[in-house]
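**Q** Chains as they are written, first to last, in our numbering: chain A, 1 to 77; chain B, 1 to 242; chain C, 1 to 259.
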Amino acid sequence: MQLVLAAKYIGAGISATGLIGAGIGIAIVFAALINGVSRNPSLRDTLFPMAILGFALSEATGLFCLMISFMLMFMGA
Amino acid sequence: MNFCSLTLKSATKPLLTQGVRYVPISTNVRYLSSPSTPPPVKDPKTKAMSIIDALPGNSVLSKTGILGTSAAAAIYAISNELYIVNDESILLLTFAGFTALMAKFVAPLYKDFANARMNKVSNILNESRTRHVDAIKERIGSVSELQNVAETTKVLFDVSKETLELEAKNFELKQKVDLAAEAKSVLDSWVRHEASLRQEQQKQLTQSLLAKVESELSNPKFQEKVLQQSIADVEKLFSKLK
Amino acid sequence: MLNLINTFINSPLDQFESQTFFSIFTPFMDMNNFNITTFALYTFIVLFIIISLFMFTNNNNMIMGSKWFITQEMIYDTMVNTIKNQMGGKLWGFYMPFIYTFFMFILVSNLLSMIPYSFALTAQFVFIISLSFMVWLGMTIMGFYKHGLVFFALFVPQGTPLVLVPLLVLIEMMSYIMRSLSLGLRLAANVMAGHLLMIILGGLLMQFMSINILTTILGFIPLLIILCVVMLEFAIAMIQSYVWTVLMASYMKDVQYLH
């Protein structure tokens, strides 16, 4: 049964690599924000809430992956 | 930095005339920057006293009492496992640090922002109230100019009554004058008519007379008579002249 | 924190456990759902906080609120602008209190969970996912009630060639059904992952600091890193509630106006 425990930990570690996508996605969103603001500084009105929304949405997909990692680590038999 | 103001040659010219290229340091307030005059160095004794002053309690005795009891309570809680120092106590430390940071930096900013907004709103309300009061005062002033309306209307009514009477009289007199003028014109026309009649009569008279004379003239007896008379006259004249 | 029940935290997931304080004794029927658990207790605390944010901050209902009341005004203005921009049209005013309620609830419960030794209401997966599923189901039923079978026009974007329509409808319908789960899962996963991260980091730092006195003093540098993570968690707590409301307004717009 130690194998199952070891497999759980290994699986949890491997499934955490999905957060690469989250990191890249957030970087793309904020790169677009900086680009847009440098071209046309209408920041506080329209661009910033959309950037926050994009950050949260892309972080969410990364965290779906992290959920699987937590499920493997802490739950189940 | 404009160093040419330090040379001797330009020391004769005042600084203001050196041109617009020398822009003085702006006097705007730079937000969140350190003051230009350095703050006075705090006495180390006051710094140490400030730590003691930050403790709760009023006098030295109460401060030591509070410190002692809190230390004893902490030791009792930890040793009897009422309070376990575990992972969450780290989070307690970080949360305390976070609230300290917020209270130090964010709270004054928010207080300024909230005060500014409250002042703006109360200014708008007070200003609108004073403007309304002024508008009402103005209206009162403009209306109070009409305060003797009743008397004015009575006077106007009397004046209008008088005017009416005068107008009636005027009309009457005018009618009389018109009547007189008309009568005069009628009489004038009659006179003219009479005059023209007389003229006609005279003309007819003369015409008839002329006609009679002409007829008499064309009468040969009369012509003879006239001729003989005229010859007699001419002879008389010739005899006078001779 | 007060170890009255003599439990120790073993796994980092223990902070999300729901303990019963008062239970109803019903021998004839299973009415265990009326127990006073930590979940019920914290829901009452959230309700109390929201009510006191409104009742105790306006100074006697004057036009000029106090400085605390300005936060409520700011939240209200943000919500009105967000919903008006997202939904637009004639019907945005009907659904504004609904979406505002969700915003206040999730914001207050997220911020409440940041206090140490507190309980994260929005990290309860069953609660949040069932909430989002009910919201999605209600919106779908409303869409069918309002538009009839024309509701399926939502799945065909404008200007697609007729050949692609069957495939596109299937994909769009899948995406639409996934909205029910993803809306709640996003919030719950974010909050839970954040809290887990904080606890795990705290546990690691605790182990590091309890070796000897040198590491205790040296351990104040990772403490600053954990402070940054805590600040990020505060930001995420507020952002997630905002994202929930924006997405709910967007879904409501899809259902009401059929894009």
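Positions of the beta carbon are idealized from the N, C-alpha and C atoms, including for glycine.
If we cut at 8 angstroms on Cβ distances, does F70 of chain A have a partner in chain C?
**A** Locating residue 70 of chain A in the first sequence gives position 70, counting from the first residue. Chain C contact via Cβ: present.
**Q** State the Cα-Cα distance for the pair L204 of chain C and K104 of chain B, rounded to the nearest angstrom.
**A** Position 204 of the third sequence, counted from the start, is the residue given in the question as residue 204 of chain C. Position 104 of the second sequence, counted from the start, is the residue given in the question as residue 104 of chain B. Roughly 29 angstroms between the two C-alpha positions.
**Q** Since I75 of chain C and I99 of chain C are thought to touch, with beta carbons under 8 angstroms apart, how far apart are those beta carbons, to the nearest angstrom?
**A** In the third sequence, residue 75 of chain C corresponds to position 75, counting from 1. In the third sequence, residue 99 of chain C corresponds to position 99, counting from 1. Actually they are not in contact, since the Cβ atoms of I75 of chain C and I99 of chain C sit about 12 angstroms apart, beyond 8 angstroms.
**Q** Check whether the Cβ of I25 of chain B lies closer than 8 angstroms to any Cβ atom in chain C.
**A** As a first step, residue 25 of chain B is located in the second sequence; it is residue number 25 there, counting from the start. Unreliable positioning characterises I25 of chain B in this predicted model, as indicated by a pLDDT of 47, which lies under 50. A coordinate reading is not provided.
**Q** Among C:L258, C:H195, C:I63, which one has its Cα closest to the Cα of L66 of chain A?
**A** On the first sequence, residue 66 of chain A is found 66 positions in, with the first residue counted as 1. For the residues C:L258, C:H195, C:I63, the minimum Cα distance to L66 of chain A belongs to C:H195.
**Q** Does any residue of chain A have a CB that is nearer than 8 angstroms to the CB of A193 of chain C?
**A** As a working note, residue 193 of chain C is residue 193 in the third sequence. True, the Cβ-Cβ gap to chain A drops below 8 angstroms.
**Q** Alpha carbon to alpha carbon, how far is M50 of chain A from N126 of chain B?
**A** Stepping through the first sequence from its first residue, residue 50 of chain A is reached at position 50. Stepping through the second sequence from its first residue, residue 126 of chain B is reached at position 126. Approximately 38 angstroms, taken between the alpha carbons.
**Q** Could you pull out every residue in the same chain whose Cβ sits closer than 6 angstroms to the Cβ of I50 of chain C, ignoring the five residues on either side in sequence?
**A** Within the third sequence, numbered from 1, the residue matching residue 50 of chain C stands at position 50. Around I50 of chain C: M104, V108.
**Q** Taking the alpha carbon of T78 of chain C as the point to measure from, which residue in A:T46, A:T61, A:S38, A:F64 has its own alpha carbon closest?
**A** Counting from 1 along the third sequence, the entry for residue 78 of chain C is found at position 78. Here the closest residue by C-alpha is A:T46.
**Q** Taking the alpha-carbon positions, what's the I124 of chain B to A56 of chain A distance?
**A** Here residue 124 of chain B refers to the residue found at position 124 when the second sequence is read from its first residue. Here residue 56 of chain A refers to the residue found at position 56 when the first sequence is read from its first residue. Between I124 of chain B and A56 of chain A, the C-alpha separation is close to 39 angstroms.
**Q** Output the distance between the C-alpha atoms of P256 of chain C and I26 of chain A, rounded to the nearest integer angstrom.
**A** Against the third sequence, residue 256 of chain C aligns to sequence position 256. Against the first sequence, residue 26 of chain A aligns to sequence position 26. Inspection of the sequence shows that residue 256 of chain C is occupied by Gln rather than by Pro. Near 31 angstroms, if we compare the C-alpha coordinates of I26 of chain A and Q256 of chain C.
**Q** Please decide whether I52 of chain A counts as near chain C, where near means a Cβ-Cβ distance under 8 angstroms.
**A** Start at 1 with the first residue of the first sequence, and residue 52 of chain A comes out as number 52. Yes, contact with chain C.
**Q** Could you say which of C:P222, C:L164, C:K90, C:F234 lies nearest to A120 of chain C if we only look at CA atoms?
**A** To locate residue 120 of chain C, count along the third sequence from 1; it is residue 120. Considering only alpha carbons, the answer is C:F234.
**Q** Taking the DSSP output, what are the residues bridged to F22 of chain C?
**A** Here residue 22 of chain C is taken as the residue at index 22 of the third sequence, counted from 1. Paired residues: C:I36.
**Q** What's the C-alpha gap between Y39 of chain C and S118 of chain C?
**A** Taking the first residue of the third sequence as position 1, residue 39 of chain C is located at position 39. Taking the first residue of the third sequence as position 1, residue 118 of chain C is located at position 118. With the sequence shown as reference, residue 39 of chain C is identified as Phe, and Tyr is not the correct amino acid for it. F39 of chain C and S118 of chain C: Cα-Cα distance of roughly 11 angstroms.
**Q** How do the region 120 to 130 of chain C and the region 176 to 196 of chain C stand: do at least 3 beta-carbon pairs fall below 8 angstroms, yes or no?
**A** yes
**Q** Within the region 70 to 113 of chain C, note down every full alpha helix (DSSP H) run reaching 4 residues or more, in order along the chain.
**A** 92 to 113
**Q** What ranges does the alpha helix (DSSP H) occupy inside the region 195 to 248 of chain C, keeping only unbroken runs of at least 4 residues that lie completely in it?
**A** 213 to 218
**Q** On the CB-based measure, 16 or more other CB atoms within 10 Å of its CB, does N110 of chain C come out buried or exposed?
**A** Within the third sequence, residue 110 of chain C is the residue found at index 110, counting from 1. With 16 or more other CB atoms across the displayed protein chains lying within 10 angstroms of its CB, N110 of chain C is buried.
**Q** For T152 of chain B, go through chain C and note every residue whose CB falls closer than 9 angstroms to its CB, in chain order.
**A** Looking up residue 152 of chain B in the second sequence gives position 152. Result: empty, since nearest Cβ-Cβ is about 45 angstroms, beyond 9 angstroms.
**Q** Rank C:V156, C:Q19, C:M209, C:M114 by C-alpha distance to the C-alpha of L168 of chain C and give the top, closest one.
**A** The residue labelled residue 168 of chain C in the question sits at position 168 within the third sequence. Checked all of C:V156, C:Q19, C:M209, C:M114; the closest Cα to L168 of chain C is C:V156.
**Q** I need the DSSP call for L146 of chain B, collapsed to helix, strand or coil.
**A** Position 146 of the second sequence, counted from the start, is the residue given in the question as residue 146 of chain B. Here L146 of chain B sits in coil by DSSP.
**Q** Tell me whether F28 of chain C is buried or exposed, calling it buried when 16 or more other Cβ atoms sit within 10 Å of its Cβ.
**A** Translated into positions along the third sequence, residue 28 of chain C becomes position 28. Burial check for F28 of chain C: the Cβ neighbour count within 10 Å stays below 16, so the residue is exposed.
**Q** For the region 188 to 212 of chain C, enumerate the residues whose C-beta is nearer than 7 angstroms to any C-beta of chain A, in chain order.
**A** Going along the region 188 to 212 of chain C in chain order, one finds A189, N190, A193, L196 with a Cβ nearer than 7 angstroms to chain A.
**Q** Rounded to whole angstroms, what's the CA-CA distance from D254 of chain C to I236 of chain C? Just pull it up for me.
**A** In the third sequence, residue 254 of chain C corresponds to position 254, counting from 1. In the third sequence, residue 236 of chain C corresponds to position 236, counting from 1. Cα to Cα, the separation comes out at about 26 angstroms.
**Q** Note down, in chain order, all residues in the region 220 to 232 of chain C with a beta-carbon under 7 angstroms from any beta-carbon belonging to chain E.
**A** Annotation note: the requested chain E is absent from the structure, which comprises protein chains A, B and C.
**Q** Any beta carbon of chain A sitting closer than 8 angstroms to that of S175 of chain C?
**A** In the third sequence, the residue the question calls residue 175 of chain C occupies position 175. Not closer than 8 angstroms to any Cβ of chain A, the Cβ of S175 of chain C fails to qualify, so no.
**Q** Taking the alpha-carbon of I14 of chain A as reference, which of A:M75, A:F74, A:I68 has the nearest alpha-carbon?
**A** By 1-based counting over the first sequence, the position of residue 14 of chain A is 14. The candidate whose alpha carbon is nearest that of I14 of chain A is A:I68.
**Q** What distance in whole Å lies between the Cβ atoms of L223 of chain C and T94 of chain B, which are believed to be in contact at a cut-off of 8 angstroms?
**A** In the second sequence, the residue the question calls residue 94 of chain B occupies position 94. In the third sequence, the residue the question calls residue 223 of chain C occupies position 223. Correct: roughly 7 angstroms between the Cβ atoms.
**Q** Specify the secondary structure class of V23 of chain B as computed by DSSP and reduced to three states.
**A** Residue numbering aside, residue 23 of chain B sits at position 23 when the second sequence is read from its first letter. Summary for V23 of chain B: the model assigns pLDDT 44, below 50, so the residue's position carries little reliability; its value from the coordinates is reported in the next sentence. Taken through DSSP and simplified to helix, strand or coil, V23 of chain B comes out as coil.
**Q** Within 8 angstroms (strictly less), CB to CB, does R129 of chain B reach chain C?
**A** Here residue 129 of chain B corresponds to residue number 129 of the second sequence, with the count starting at 1. No, no contact with chain C.
**Q** What residue range is occupied by the uninterrupted alpha helix (DSSP H) comprising L72 of chain A?
**A** Counted from its first residue, the first sequence places residue 72 of chain A at position 72. Start and end: 48 to 74.
**Q** Any beta carbon from chain B within less than 8 angstroms of Y117 of chain C's own beta carbon?
**A** Your numbering for residue 117 of chain C matches position 117 in the third sequence. It does: the Cβ of Y117 of chain C has a partner Cβ on chain B nearer than 8 angstroms.
**Q** Closer than 7 angstroms, Cβ to any Cβ of chain B: which residues of the region 61 to 76 of chain C, in chain order?
**A** I63, M64, K67, I70
**Q** Whole-angstrom Cβ separation of L19 of chain A and G62 of chain A, contact assumed at under 8 angstroms?
**A** Within the first sequence, residue 19 of chain A is the residue found at index 19, counting from 1. Within the first sequence, residue 62 of chain A is the residue found at index 62, counting from 1. Contact flag correct, Cβ pair sits at about 5 angstroms.
**Q** So, S23 of chain C versus N35 of chain C, is the Cβ gap smaller than 8 angstroms?
**A** Position 23 of the third sequence, counted from the first residue, corresponds to residue 23 of chain C. Position 35 of the third sequence, counted from the first residue, corresponds to residue 35 of chain C. Yes, the pair counts as a contact, with Cβ atoms nearer than the cut-off.
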